[in-house]
Each structure stands twice: as C-alpha cells, then as structure tokens.
Amino acid sequence: MNGSSTVFRAGTRNSPLALWQVNHVLARFGALFPQVSFQSLELETPGDADRTTDLRESPADFFTKTLDDAVLNGTVDFAVHSAKDLPDPVADGLDWFWLPAAGDRRDVLVGSLEPGTIGVSSQRRAEYAQSRFPAATQLPIRGNIEERIAQVDDGTFDLIIMAGVALQRLGLEDRIAEWIPLDELDTPEAQGALTITFRKGDARMIAMRNLFVKAAAFVGAGVTEGHCTLDGIRALQTADVCLYDALMDDSLLKVLPESTQKIYVGKRQGAHSQPQDEINRMLCDEVRKGKRVVRLKGGDAGIFGRLAEEVEALEDLSLANRVIPGISAMQTAAADTGILLTRRGVARGFSVMTPRLQGGDVAPVDQAARAGVPVVFFMSVGIAQQLAEELMADGMSGNTPCAFVFEAGSDREEVCRGTLASLPEIQKAVGLFIVGEITRCGFDRTLGAFGGKQILLTCSDALMPQAVQAVYDFGGRPVVRPLIRLMPVFHCLEFFKYDWIALTSPSAVRCFHEWLLKQKFDLRRLPKIMSVGSGTARALEKIGLGCDLIPESDFSGKGLLEAAAPIVNGQNILRLRSQKAGTTLAEGLRAAGADVDDVVLYENRVVTHNRCPEFDAVFFASASAVESFVFQWGADALAKKTILAIGGPTRAALTAVGCKADVVGEMATVEKCLFDLACWLTDRKEKTGI
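With UniProt numbering as the guide, the letters of the sequence shown map in order to residues 1 to 690.
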C-alpha cells in the first residue's frame, strides 16, 4: 500500500496480551505490504487505570475509549483490540473489521478443581461457577492474564475462569487445568477474534480491509424452492450467515450448510421481526466479521424488497456486494396460469407498481401515478430514436434520463446512459431500452479488493467453483471460460503392490476418484497417499481420503520431494499425473531409493470458444491453459492485461510466449493465488490511483 503516509501507526493497550496481539497483526500486515512501515503506540485505557471496578459493572468502552479517541483525532491510524472488548455499536466516526483465523473460543479453568474461592469477571462465568461449584465463594477478579494467574499462585483465589486463547497466545497453556466445552459454557462469538478499528471513510484502511472481508450476496428465493436460480443455490451452499425473510416456502433453508448461522429478519404486513435499520446494521456487521453473508429475500430481490436500502448501507461503508435475482411471483403467476403479461395481439407490455408507501400508507394508482412509472421496451434498440421522438411528442421532457442494457446478467453485460433528447450511439441490435428517473440510479460495483474488475478464469471444471467464489468474495466479476478439459485415462492398476500413491493436484484427485468409482474399488485397501499442499489435501478429504505426507511449507513438487526423500528408500510408489506434468517428481523419488511407476492418469484437452471475452485480469492455473489461450486468441490478447499464474511451470509457459506474469501464486491453491492477486491490485491502486 501507498498513500499520504508510508508509515501506519497502530494503537494498543500495554498488557502483554495486547502487545502480542498488535505484534501479530503488524507482522501479518507487514508480510502483505512489505514497502510500508508499521509502528505501534502503547496507550492506557480507563480499564487499565482502574483496577478495582467489577467488570460486570464497567462501561462498554472501558478498554477501548482511549484507543478510540486516538484513532478519531489522528494520533494513530488504527487500533488493535480483542473483539470481545469492543462496544456495540462502536463510537461514532469509527469503522472496523475482524481478522480471520480467530483462536479457540472456549474458556478454561486455571487452579484447583476443588475450589473454595473462585475469581469471576462476567455474569456468564459467575453462573457457570455457581452451577459447577455451588459450595465455592465467588469474588470479582481484575488484572491482566499474568496478574490473575499470580492471584491463584498467592492463594487469593483457588480457581479462575479465563479465555483459553489468551493463555495459548502467551505460551501459558501449561496452566490450563481444564478446557470447558461450549455446550457447558458458551462464550461470546467475538472471543478469540482480533478487531481493527479505524476512522470511517479512511480509504487506505478500507483497501486493507478489502483483503479480509467477503462480498455479501443478495439472493432472490423465488416463490418456492424450485424458483431460486442455480447461482442462488450455490451462494446459499457456501454461506456462513444467512439473513432471511418471511419466505412463502422455507424449504430453501435446507440448502444451507448445517454450520450456517440462520437469522430471521422477515416482515409481514403489520409485523416486522426487525426494524429495517437493524437489518442493515446486522448485515454490515456480519460482513465486517469476515463472514460470507447471504441475504435471502422472497421472490426477486430487486422488486419491492427494500434491496436499495440494504445495498446502500453496505456501500456507505465501502463493502462489496452482488445481487442474484430470483423468479418473482409476477413471473410465476404468468407462467403457471396462462395469464401471460405479454401475448401477441392482446398485450404488448405491462406496468408493475405497489399501492403502499413507506410507513404503510396507501398511494394512488391513478393515471398520473402510472405515468410516473419507468417504461421498459424490449426489442427496441434499433428504433430507439423513433420511440424517443414519440415519447417527447406525447409530452415527456427531452431531459428524461434513459438507459440501454445489453446482455443483462451475463459477463458481457453493458449499460449505456443518456436522455431522450441525447441518446448514446448504439451499435448493438438487441437489448432493453429503459426510460425514467430510475435510470439515474445504480449500485456501486467498484468496491472490494477486485473493485468490480472482470477476472477471466481459465481453469478446469474441477477448480472453477473455488475460483468463481474467490472472485465474488473480493468484489470481482468472474468471466468463466475453461480452456482445458481433463480426460481420465483408465488403467488396470494393482494398488496392493504399492506403499504410496503420489497425487499433486486437485485435478489428479478428481480423475483418481473417477477411476475408483469405475472400478468399484474398496477405499480401505488403498496405500498411503502423499500430496503437495492443502488444495490437494482438501480434494482428498471431499472423497473420504486422508493425506499421509504433505510438505510443511513449500507446496510444490520440489517441496514434496524434500519431504518424501528421507522416508521412501526401498518403498514402491505409484505416481499419478497428467501427460503435461513431466517426470521430475518420479525421477527425484527414484534418486531417493524408491521404486516408482510413473503413470499418466489424465490428459489435458483444449476447450475452444467462439471469441475472446472482455476481461481486466486473467488467472492461469496451468501451463496447459496458457497454451490453449495463445492457440485460440494469440499472446497479443494478453497485452495490457493483469496476469496471474499459479506456480513456476505456468509462469514458464507465459515466458515462452513472450508474456510476463504480474503475480505468481507460489502456493498451489486457487484461493491463495486469487488472494495474492487481491493484494497486488490493492497495492497498485494505492500507488497509481487506478
């Protein structure tokens, strides 16, 4: 990152735990932005100065007020907090986000499990202590982690209840007498999470936050489960949190993973479960926690669904989002009943409006009211000038805004705006022509780390779902054009002969699984499996297999060879690969003393497309995809495009055709590669402003 300053100052409390937290955060930020300096400033909060007030009676900002003030007055750029210390809501003028990979949420017991005196610091811990140790005396306890433990050692308390993650972070796990299961003592969701607070609207901090939050998805549920689109179903299947309306058919909620938090925010006439402002707040808060949030709306999200208000709440905080339409009651009724809203010789169009105003009052639906409804013309682009003249002749002002929308909903979508008196030059023949004040409006699609950029994804079908989700998470628009297809090559293999199977990509795992299914092979009879990294390991987990050997850090063929070499002497190994992968790994394993059968498991076949799509950046997940791209569209099509390559072989394939990768993801996972691209684009935007 760059900006008005290349030094970022972080505010922190001065307890050992707070210092561990700020150092952890600054090390993480420093690795992402090596050209920026990060410094910490230690500050004393009211909770640090006052060591006597019972925490159950302390103000909400007891441990944050001094840090809040320092952020607001510019003394520091951001502050690092334990998320559970943050007041809700935060102070006016502040914004925030959680860092991912929070620690263990559970509380622990420190001291004797047969206590006479217990130190407690919250009502929930006091209730647990009363239930678990009814004969013990409870007293309030204060102090930092080390000071509380010291009060056990000096006999002030026999037992205390603490956050286990704090002891882990300070290297004091040996003091834990017992971990308390969450079903016995639930803890705040924020326990273990780290929060960054910063001045609302600070573009530099928003750019940083974009790397750690995911774009929200608004999904139209349709009127029944069958009327939700495939894109909507996919969004639901990956949701961490779902805020859902009063649905006509709530069976769609079964699509959500069991772990998804489901929050009902529905409205029926005269009965709202939550005020709209509260829904907006919850939506923004869940996104800022780094969760993948789906807002599930009945029917089509864009029709009478308060969509604009919720999107605007996110946009006010520069949080990215996308909208997935559903099949509305209007569309369903027309199709199911035969009361078609357009029928040749009967009706050439229709108008849609609600008689209800904000607040529940009834609005007129007379001719004047209907005249103010936007007009949408299908199949009219070629005669738009004639239509505009007719509308103006009928009394409509020439300054009335209008817009043309082409290929709506596709990755080729295009919007051209103008007025009736000044229509834009249009070359295309088919699209929608929309007339009315509503065409002045629009969603901000430049938010998120990808800022609405079109990311061309060329990977195979096995990797495409993860790539698409990552692009959406970072606020981009995926352009899906797989350039290779993986075709399994079936062999008669005798697995009992081998000690190991070597699989080095998720694609290899998928083809291996197809072979196992075709042969009806008993998975229990498989030998041990070695793989290159977490992506391959996750692919194995999905088919019910484990990974017995994986590199600790270098997730590549070289890293696997280094990990395997000390243990494979005299072992029989089956290396399964694509015809493009080469024999380097097999040769290295043989050099380490293994007997290796090197077998081609699948072939890469070129997938062709009619034309090269429009895109801002391209992700190549294999050398084969590079070759396919250049074969179809030539290397010149990559000029002035941002290029992301996965690993050294893909980078080498680009070099061979005279192209240079802007970003090379060294970890062989789609998600990490696209995260690297997000970091690169964030840094470039800060430096160049584009």
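Note that CB positions come from ideal geometry on N, CA and C, so glycine has one too.
What is the DSSP secondary structure of residue i, reduced to helix, strand or coil?
i, result
"G418", "strand"
"C679", "helix"
"Q331", "helix"
"V23", "The residue asked about is misnamed: residue 23 is Asn in this sequence, not Val. Here N23 sits in helix by DSSP."
"V7", "strand"
"Y264", "strand"
"A617", "strand"
"N604", "strand"
"E42", "strand"
"S251", "helix"
"T12", "strand"
"N399", "coil"
"Q454", "strand"
"F474", "coil"
"L654", "helix"
"residue 747", "The structure shown does not extend to residue 747, since the chain is modelled only from 1 through 690, so no value can be given for it."
Where does residue i land, buried or exposed, given buried means 16+ other C-beta within 10 angstroms?
i, result
"T682", "buried"
"A10", "buried"
"S4", "Unreliable positioning characterises S4 in this predicted model, as indicated by a pLDDT of 46, which lies under 50. The coordinate reading is nonetheless provided below. It counts as exposed."
"N280", "buried"
"F490", "exposed"
"T52", "exposed"
"V223", "buried"
"M162", "buried"
"L314", "buried"
"K518", "exposed"
"V362", "exposed"
"L674", "buried"
"P34", "exposed"
"V346", "exposed"
Using C-beta distances below 8 Å, list every residue in its chain close to residue i, excluding the 5 sequence neighbours before and after it, in chain order.
i, result
"P181", "R106"
Might you give, ordered along the chain, the residues of its own chain that have their beta carbon closer than 7 Å to the beta carbon of residue i, omitting 5 neighbours on each side?
i, result
"P482", "T458, C459, S460, D461, M464 and V607"
"E286", "V241 and V293"
"R209", "F97"
"F212", "F97, L99, P100 and G290"
"P649", "A623"
"A129", "I118, V120, A136, Q138 and I161"
"D231", "I324"
"L109", "L159, I161, A177, E178 and I180"
"G164", "D104, R106, D107, V108, I176 and W179"
"E666", "G647"
"F38", "F8, A10, L26, F29 and G30"
"residue 694", "A question about residue 694 goes unanswered here, because the residues of the chain that appear run from 1 up to 690."
"H227", "G326, I327 and T332"
"F450", "V471, F474, G475, G476, A678 and L681"
Alpha carbon to alpha carbon, how far is residue j from residue i? Give it in angstroms, no decimals.
i, j, result
"L243", "V630", "44 Å"
"V670", "F619", "9 Å"
"G103", "T536", "25 Å"
"G299", "S380", "27 Å"
"D245", "N610", "42 Å"
"L486", "I501", "20 Å"
"L420", "C659", "46 Å"
"N321", "V373", "27 Å"
"P147", "D50", "The question names Pro, yet the displayed sequence has Glu at residue 147. Taking the straight line from one Cα to the other gives about 14 Å."
"K453", "R477", "6 Å"
"A639", "V663", "15 Å"
"L283", "E310", "8 Å"
"A549", "A594", "Residue identity differs from the one stated: residue 549 is Leu in this sequence, not Ala. Using only the alpha carbons, I get a separation of about 15 Å."
"D202", "L589", "53 Å"
"L644", "K672", "11 Å"
"C612", "A637", "8 Å"
"A429", "I383", "9 Å"
Below 6 Å CB to CB, which residues in the same chain sit around residue i once its five sequence neighbours on both sides are set aside?
i, result
"A539", "P506 and V509"
"A79", "G11, L67, V71 and T197"
"V600", "V489 and Q579"
"Q191", "K84, R105 and A163"
"G261", "For the record, residue 261 in the displayed sequence is Gln; it is not Gly. V241."
Give a yes or no on whether 8 Å exceeds the smallest Cβ distance from residue i to chain C.
i, result
"W500", "Here there is only one protein chain, and chain C is not present."
Those runs of the alpha helix (DSSP H) which lie wholly inside the stretch 132–186 and span at least 4 residues:
145–153 and 164–169
List, from N- to C-terminal side, the beta strand (DSSP E) runs of 3 residues or more that fit wholly inside the stretch 65–146.
78–82, 94–98, 107–111, 117–120 and 137–140
List in chain order: all unbroken beta strand (DSSP E) runs of 3+ residues lying wholly within the stretch 525–596.
528–530 and 572–578
Note down, one range per segment and in chain order, each beta strand (DSSP E) of at least 3 residues found wholly within the stretch 199–250.
The stretch 199–250 contains these whole beta strand (DSSP E) runs: 216–220 and 241–244.
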